[in-house]
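Residue numbers (my numbering): 11 to 992.
Backbone N, C-alpha and C fix where the C-beta goes; we use that ideal spot for every residue, glycine too.
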C-alpha cells in the first residue's frame, strides 16, 4: 500500500483524482473553511483519459504542521533526513523546483503557504496583473539561462505566479512541500511527490510499458552467428560489470502498457519499487509540462516560468551519495563503482543499469559509443599493421632510395622568389622516407577495408539497437506522444495574437507561419555563409603565414632556423590551425544556438534537429577545411618556374614537397585529431568543472572542514542544486561524429587514426560516465528507440568517405603515377628511373625579372638547368613548358581509378548491407513469441471472465425458485468493481 502520512512541513495532498485541488491550511489557520472542503475539478480534463476505477478510500487530511516546527532554534532540522524524501522521511521526492527568495539576513523565513482564501488570492492576483510588466522574450535554453537572476518581474509577481502554478499542480494530485529554510542563502525549494493514484493515472495516460506477472524463457539463437556471439560472451565474462547478478538472462517478463483496469496482470506486491525513480520523475515532468498558469492572455508553462526567473531550476534527484558514511547502497553508487571509475576501463559498460538510471536516450548514446569503440579495435589493429608494413619496406622503396642517392646530383629550382636558392634533391631524403610510411600500396587496401568497416559498423549498430529495443521493451514505441510547444514559440504566438486581436476571428488558432520566420531564415542563411567565409579566410591567412615564414627563414642568418625549414613551417601552421579550430568551435556553437532561437521552432525535437544541423555544418567546415586544402588544392595551383601564380600581390602559392603533400596532410590530421581530443574533449571536460569548483570554493567564506561538515548535513536536493545542469547529448555526439569523419574520410593518409580514436574513446567513456554520475544533475529520463539524426549523419559520412579516399589515393598520393610509370614507361618494369620521370627541366635564363635567386652560387657552382616536379615539355622542345602527354595519361588513369574504386567499394558495401539483416533472427522470433503470449494471456483472461459470468448466472437461476417461495423478489444489485487504483 502507498504510505499515507500526515503532511509535514509543506504543501500536501492525498486525495484521489475525484477529490483534487483542496489546498491545505496555512500555518495561522486552525479551522477548515467551507470553500476549501469543496472538491475542485481539474482544469484540463481533456488531458486525461476517462478510465474508471479511481480510488476513493484514501484518508483525507488537510492539516499541516507549520514549517517553523521542522527546525530547531539553531536552524537544524528536528527530524533530519538526508535522503531524497519529504520531511516525514517516507514520501519520496520525485522532482524539485528551485526559486529565489528574498529574506532578511539572519532571519529564517517561514514557509510560504497556500492558506489564503480564494477571495484574497484573487485580489492579490488582480493587483499583480495590473502592476506587473509584460514578460520579456525567454532566452534560448531555459534550463541554463534560468540560473541567472532575472529582474524582468517584480518579486511579488513571481511569487503569485508560483502560487498559481503550485495550486494547479495540487489539482493534478501531486503532493508538494516547500523548504525556504535551507542552507543555501536566497534559494527556496519546492519538493514534489507523486502518490500512487497519480502514478497509475499518468502511466496509463503515457502508455508506459510495465512488466507483468507473466514470464517466459528466452531461447538463444541456434544459427552460427548467434553461437559465435554466445561463445564470445562466455569468454569475455570476466569483462562484464558486476550488476544485475540476481536476474537470469534466460527469463524475461512480458510487458504491457499499464492499465488501472488490468492491475491484476502486474506484480504490485511492492508498490514502492513498481515505478522506479526514473519513471516517477518522468511522470512528474509530464504533469509539469501539461500544467499551465494563466495571467492575462499569456499562458505560461514550466519552461516559460524557468525562462523568466519565476523558478531558477527544475530537476529530479540522484538516488543518493557515492562516498562517505551516509552512502547507502544505491544505483548511483553502483554506477560509480562499475562504470565511472578508471579502474574498470577494460570492462564492458553496464548499459542496462545506465538505462535504468538515466533513461533510454542516454543509455542508447553510451551503447552506441561502446559499439563504436569496440569496432575501432580491428580497425586500429589493421592500421598499425599497415603502418608497420610501411616501416618494414622503407629501405626497399626504390623512389625514396633514388632521392637519397647523392650520386644522382639533381639540382632543384628555388622554392620561393629571390630569398630561396637552388637546392639538392638529396636534402629531401628524410621527407621521402617518412612519406613512404603512409604512402604505400597497403594504404589502398586499408582504404577499402575502412569503407567496408564503416558499413559493418553501421550494420552491427542496427542489430545491437534492435536487441536493446527488445530487451528494453521499446519494440512498439513510437513518436505518437504529444510534443509540447516550446516557451519561446508560445510567447511569439501570444505577441502575434495581441497584435491581431481585432483582425482575426476568435475561433481561429494563431500560429507562426513561414512569413513570420522569413527574417530569421534570411539571417540564418547570411550568417551561415558569412561564418563559412570566415573559415575560408582564416585558412587562407594560414597559407599566407606559411609562405611568408618560409621566405623569412630562408633569409635568416641563424643556422638553427635554416636547418629544418619545412618541418618548422608544417608543424607551426598545423598548431595554428588547431588553435583556430578550437576557438571557432566554441563560437560557432553559440552562433548556431542563437540562429536556431531566432527561427522559433515549435517543439523541442524541431529545435534540436535544426541546432544539430547548423552546428554540424559549421564545425565540419571548420575542422576539415585546412585538411581539404592540403589534400586537394595545395600544389595544384602553383604554375611553373618563370610563370608562377601569385596571390595578394607578391605571395607565390606554395608547392608540395617532392614526395607529395601526403606527409603534410598526415601531420595536419595528426595534430588536429590529437589536439581536439586531448584539449577540447578531455582537458576541457576535466579542467572546466574543476575550475568552477575552485572558484566556488574561493568565493565561499568556509574552510575545507566547515564545508565538509556542511555537506554532511545538506539534504539531497540541496547537494544536487550545486551540480551542473544537463544540457543534452548533442555535444557528446558531435565530438564523436567529427572524430568518425577524421577516422574515415582521410584514412588513406593517416592509418593510425583509428588507434588514436580508440585510445581517446576508452578515456572518453569513463570521463563522460564520471561527468554524468558526479558532476551533472540527473537528466529527465527520455524514451528513444534509436539515435535519431546522428545515424543519418554517420551514414552520409561513410558514403562520402569512399569518394574522398578515392581522390586522396589518386590525386594526393603518388600511387597512380607510380603504377602508370611501372606498366607504361619503365624500360624494365620496375620503379628504377621513376624520380627522373616525374621531374621536368627549366632553363634559369627564363626566370621573370626579380624572381631569380639572390645567391645563384649557393651550391658552389653556376646552374644553367634546374628541375621541378611536374609533367611538362623541356625548354628545347617545340612547345616548351607545355603539359606533356604523360600528364594527360596519368590524369586519365587517376580519374579512371576514382570511378572504379568508388563503384567497386560502393557495390561491396551495399552487398554487405544486404547480406546482414537489420534484425537478428533470434530477436525477431522472440518478438513474435511475445505477441503470441500476449494474445494468449488476454484470451485466457476473457475466458475466465465468461466462465465467472456463466457460473454467476447459473447460481442465480438455481437460487431464484427457492427464494421466491420464502420472500418476494428483490432488485439485483450492480456488481462491485474491483479495478480500483490502490
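For residue 358, which three-state DSSP category applies? coil
Short CB-CB distance (under 7 Å) between residue 348 and chain C: Considering every chain present, this structure includes no chain C. It has just one protein chain.
Residues that residue 200 bridges to, as DSSP identifies them: 107 and 188
Taking the CB atoms as reference points, tell me whether residue 443 and residue 394 lie closer together than 7 Å. no
Is residue 894 closer than 7 Å to residue 904 when the C-beta atoms are compared? no
Which residue's Cα is closest to the Cα of residue 527: 174, 499, 449 and 206? 499
Below 8 Å, how does it come out for the segment 364 to 373 and the segment 787 to 796: are there three or more Cβ pairs, yes or no? yes
Does DSSP put residue 295 in a helix, a strand or coil? helix
DSSP three-state label for residue 378, please. helix
Own chain, CB closer than 7 Å to residue 799, minus 5 neighbours either side, in chain order: 619 and 622
Helix, strand or coil at residue 786 [DSSP, three-state]: strand
Would you mind sorting residue 1056 into buried or exposed? The rule is 16 or more other CB atoms within 10 Å of its CB. Any answer about residue 1056 is impossible in this case: the structure gives the chain only from 11 up to 992.
Distance, residue 363 Cα to residue 377 Cα: 11 Å
Taking DSSP as the reference, what is the three-state secondary structure of residue 873? coil
Using a 10 Å radius around the Cβ and a threshold of 16 neighbouring Cβ atoms, would you call residue 62 buried or exposed? Residue placement at residue 62 is flagged as unreliable, the pLDDT there being 36, under the threshold of 50; a coordinate-derived value is accordingly withheld.
According to DSSP, is residue 950 part of a helix, a strand, or is it coil? helix
Using a Cβ-Cβ cut-off of 6 Å (strictly less than) and excluding sequence neighbours within five positions of residue 816, which residues of its own chain qualify? 908, 911 and 912
Which residue's Cα is closest to the Cα of residue 461: 220, 782, 450 and 919? 919
Tell me whether the beta-carbon of residue 844 lies closer than 7 Å to the beta-carbon of residue 833. no
Residues sharing a beta bridge with residue 227, DSSP: 261
Using the three-state DSSP reduction, which class does residue 611 fall into: helix, strand or coil? coil
If you draw a straight line from the alpha carbon of residue 554 to that of residue 661, how long is it in whole angstroms? 7 Å
Looking at residue 777: is its Cβ nearer than 7 Å to the Cβ of residue 734? no
Grab me the residues of residue 325's own chain with a C-beta within less than 7 Å of its C-beta, minus the 5 sequence neighbours each way, in chain order. 106, 730, 787 and 788
Measure the C-alpha to C-alpha separation of residue 929 and residue 532 and round it to an integer number of angstroms. 43 Å
Going straight from the alpha carbon of residue 868 to that of residue 422, what length do you get? 12 Å
If you compare alpha carbons, which of 265, 190 and 293 is closest to residue 725? 190
Terminal residues of the beta strand (DSSP E) in which residue 850 lies: 849 to 853
If you compare alpha carbons, which of 246, 575 and 668 is closest to residue 410? 668
Pick helix, strand or coil for residue 276, following the three-state DSSP scheme. strand
Grab the span of the alpha helix (DSSP H) containing residue 353 for me, first residue to last. Segment: none, residue 353 is in no alpha helix (DSSP H) and carries neither H nor E.
In or out: residue 645 buried (at least 16 other Cβ within 10 Å) or exposed? buried
Might you give, ordered along the chain, the residues of its own chain that have their beta carbon closer than 8 Å to the beta carbon of residue 872, omitting 5 neighbours on each side? 866
Could you spell out the range, first to last residue, of the alpha helix (DSSP H) harbouring residue 499? 497 to 509
Which of the three DSSP states, helix, strand or coil, is assigned to residue 574? coil
Can the beta-carbon of residue 400 be found less than 7 Å from the beta-carbon of residue 450? yes
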